[in-house]
Amino acid sequence: MTPTIGVLALQGDVHEHLTTLGALGARARPVRRPAELATCDGLVLPGGESTTIARLAGLTGLLEPLREAVRAGLPVFGTCAGMVLLADRVADGAAGQQTVGGLHVTVRRNAFGRQVASFEERLAVSGLVDPVPAVFIRAPWVEDADDDVEVLARVGTGPATGRIVVVRQGSLMATSFHPEVGGDDRIHGLFVDLVRSA
Ligand code: GLN
């Protein structure tokens, strides 16, 4: 079957995700309205600015449908700001920052600090044979995770060594980095597999 995978298209890195998902054989669709969400077998929450995306989701009537979809078991993949949006708890969030939630973690926003706001690492990820090029841009990390959350990768070098940057919990997946800009589609491949097997 060809899964339909939506990319929340309110703000941020939408186009790159659509291209990568399409190349992997999914029917990739931008999602801006609840009716579009309803047709999806899986959804990507892209990087961008989590407070802006959450505000726009509220204004377009998508926030509650997104929460319901996660509760109903829709496979969702959050990248960077999307990881913040999937988190149940946000550290260093903006005042009153809303999330979709569902992922049983605390995510720290802009966790890597100003000096290392952006960096790239070849990251070892469980389930992938070779490391992936991971581009971090004002990225969050997972500060703590409940027992039902599987840690798939931690930072391997530098001052943030050991910090959790890739997680999975059932049909939810999240990365601190931007898999759509590294020129490597294997992380998206993991998500497409997850959608196909859901
Ligand atoms: N710092 C941004 C936020 O908290 C995320 C940055 C990104 O997605 N590249 O929303």
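Numbering (this note's numbering) for the sequence shown: 24 to 221. Here a beta-carbon is modelled for each residue, glycine too, at the ideal position from N, C-alpha and C.
*Please work out which residues of its chain come closer than 6 angstroms, Cβ to Cβ, to A49, disregarding the five sequence neighbours upstream and downstream, and give them in chain order.*
P26, I28, V215
*Can you tell me which of the three DSSP states R219 falls into?*
helix
*In angstroms, rounded to a whole number, what distance separates the CA positions of A183 and A58?*
41 angstroms
*Between the beta-carbon of L109 and the beta-carbon of L195, is there less than 8 angstroms?*
Yes, these two residues count as a Cβ contact at 8 angstroms.
*Give the secondary structure of A92 by DSSP, where H, G and I count as helix, E and B as strand, and everything else as coil.*
helix
*At what residues does the beta strand (DSSP E) containing L47 begin and finish?*
Run containing L47: none; DSSP gives neither H nor E here.
*Do the stretch 36–49 and the stretch 75–85 make contact, defined as three or more Cβ pairs closer than 8 angstroms?*
no
_Distance between beta carbons of A140 and P163, contact taken as under 8 angstroms_ = P163 to A140, Cβ: 12 angstroms. No contact.
*By DSSP, does V190 sit in helix, in strand, or in coil?*
strand
_Check: A32 C-beta below 7 angstroms from any heavy atom of the ligand GLN_ = no
*Can L126 and G150 be called in contact, C-beta distance under 8 angstroms?*
no
_I'd like the span of the beta strand (DSSP E) that includes A168, first residue to last._
Taken as a continuous stretch (DSSP letters only), the beta strand (DSSP E) holding A168 covers 164–168.
*Does the beta carbon of C63 fall short of 7 angstroms from some heavy atom of the ligand GLN?*
It does not: the Cβ of C63 is nowhere closer than 7 angstroms to a heavy atom of the ligand GLN.
*For the ligand GLN, is there a heavy atom less than 7 angstroms away from the beta-carbon of G70?*
yes
*asked:* Pairs of beta-carbons, one from the stretch 186–204 and one from the stretch 142–156, closer than 8 angstroms: are there three or more?
replied: Two segments are said to touch when three or more pairs of C-beta atoms, one from each, lie closer than 8 angstroms; by this definition the stretch 186–204 touches the stretch 142–156.
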